[in-house]
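Below is one structure, written out as structure tokens, with a few remarks after it.
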Amino acid sequence: MVRKYIALLRMKYIEMLAYRLATFVWMTGAITQPLITMFVWMNIHPEESESFLFYFMAVIFVERMTSAWDVWELDREIREGTFSNLLLRPLHPIHWAIAENIVYKWLFLVILVPVWMVGAVYWPALRPHMTGSQIGWFLGAVVLGAALRFLLSYSCGLLAFWVTKVAAVYGVIDVISLFLSGRIAPLEMLPPQLREWSEWLPFRYMISFPIEIATGAVRAEELVRGFAIAAGWLFVLAAVLQWLWKAGMKKNQAVGG
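Numbering (my numbering), first residue to last: 2 to 258.
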């Protein structure tokens, strides 16, 4: 399996190079919303400008490291009938999606880390103050967040076997995530009721939780509980994906897929 993944990663890397311009446009477009939101909050609370600078730069980093776009790919492939071609390949289609995710995230990492380092030279607010254990927990939370977003995106994409416009359904989920994941504002700024909901829903653990670890906003007991809740959602989403896959394959065969 390791050799197969190496081959998949190589293929996806070549594919990415073939669409360099599209990749660049997609990446730069993705950072627009956090930057606009950052400047809005800076104007509202100028005394907290440095905190907002670090927070929203971290949002850009974590959001790119955990991003998932499989829902749109699956929506198009299932609707147009090209998904059946993927089933003829020797590996489960999900492995191709995972390989693509890994390659694109490495690209973002290679670009974002040097940009952050240069920025930290000119803006001290961008210099993280993390211990070794914090860095370890942060990286673990980012990987967990990436897994959660991937499972959610892929599961929603499989709904295309039954729903014609899956992108619209996912759009509603994404709006909810915009608030409860910390993309629009730090969760501590939300009303108490929404903040309480965010503790138990998966969206916080996709973006906000790693940032809270990086800023030291999470205490030891909250850290353990956070990882436990995220792991629980990981199990739930994996089970949902497996069920949707089996049900989707039956439907695909029933209509002569």
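Idealized CB from N, CA, C, for every residue including glycine.
As the structure is a computational prediction, the values presented were derived from the model and not from experiment.
Under a three-way DSSP split, which group does residue i fall into?
| i | result |
| --- | --- |
| VAL256 | Confidence at VAL256 is low in this model, with a pLDDT of 48, below 50, so its placement is unreliable and the value that follows should be read with caution. In the structure shown, VAL256 sits in coil (DSSP, three-state: anything other than H, G, I, E or B). |
| TRP312 | This structure does not reach residue 312, given that the chain is present from 2 up to 258, and the question cannot be answered. |
| MET2 | coil |
| SER82 | Note on residue identity: the sequence assigns Gly, not Ser, to residue 82. It is coil, neither helix nor strand. |
| SER68 | coil |
| THR132 | coil |
Expressed to the nearest angstrom, what Euclidean distance is found between the alpha-carbon atoms of residue i and residue j?
| i | j | result |
| --- | --- | --- |
| GLY249 | LEU160 | 8 Å |
| LEU113 | TRP246 | 35 Å |
| ILE212 | MET12 | 32 Å |
| VAL164 | GLN194 | 32 Å |
| ALA59 | LYS251 | 42 Å |
| PHE210 | ALA142 | 7 Å |
| ILE136 | ARG220 | 15 Å |
| PRO306 | PRO125 | Outside the displayed range of the chain (2 to 258) lies residue 306, so it cannot be described from this structure. |
| GLY158 | GLY217 | 35 Å |
| ALA202 | LEU18 | Looking at the sequence itself, residue 202 is Leu, so the reference to Ala does not match. Straight-line Cα distance between these residues: approximately 37 Å. |
| PHE204 | SER178 | 6 Å |
Candidates the options: which alpha carbon is nearest residue i's?
| i | options | result |
| --- | --- | --- |
| SER182 | LEU92, VAL119 and ILE61 | ILE61 |
| LEU238 | LEU149, GLU16 and PHE84 | LEU149 |
| TRP234 | ALA147, GLY158 and ILE32 | ALA147 |
| GLU189 | PHE40, TYR56 and ALA31 | TYR56 |
| GLU64 | LEU140, ILE103 and MET207 | MET207 |
| ALA98 | LEU145, PHE151 and LEU18 | PHE151 |
| HIS130 | TRP73, ALA215, PHE204 and GLU49 | ALA215 |
| VAL144 | MET118, GLU48 and ASN102 | ASN102 |
| ALA31 | TRP244, THR132 and SER68 | SER68 |
| TRP244 | VAL72, TYR155 and HIS46 | TYR155 |
| VAL104 | ALA8, TRP198, GLY217 and PHE180 | ALA8 |
| TRP138 | TRP198, GLU223 and GLU74 | GLU223 |
| TYR123 | GLU51, MET39 and MET2 | GLU51 |
### Entirely enclosed alpha helix (DSSP H) segments - the segment 86-130, minimum 4 residues
94-123
### Task
Pick out the complete beta strand (DSSP E) segments inside the segment 166-250, 3 residues or longer, and give them in chain order.
As far as the segment 166-250 is concerned, it has no whole beta strand (DSSP E) run of at least 3 residues.
### Message
Below 8 Å, how does it come out for the segment 74-84 and the segment 211-228: are there three or more Cβ pairs, yes or no?
### Response
no
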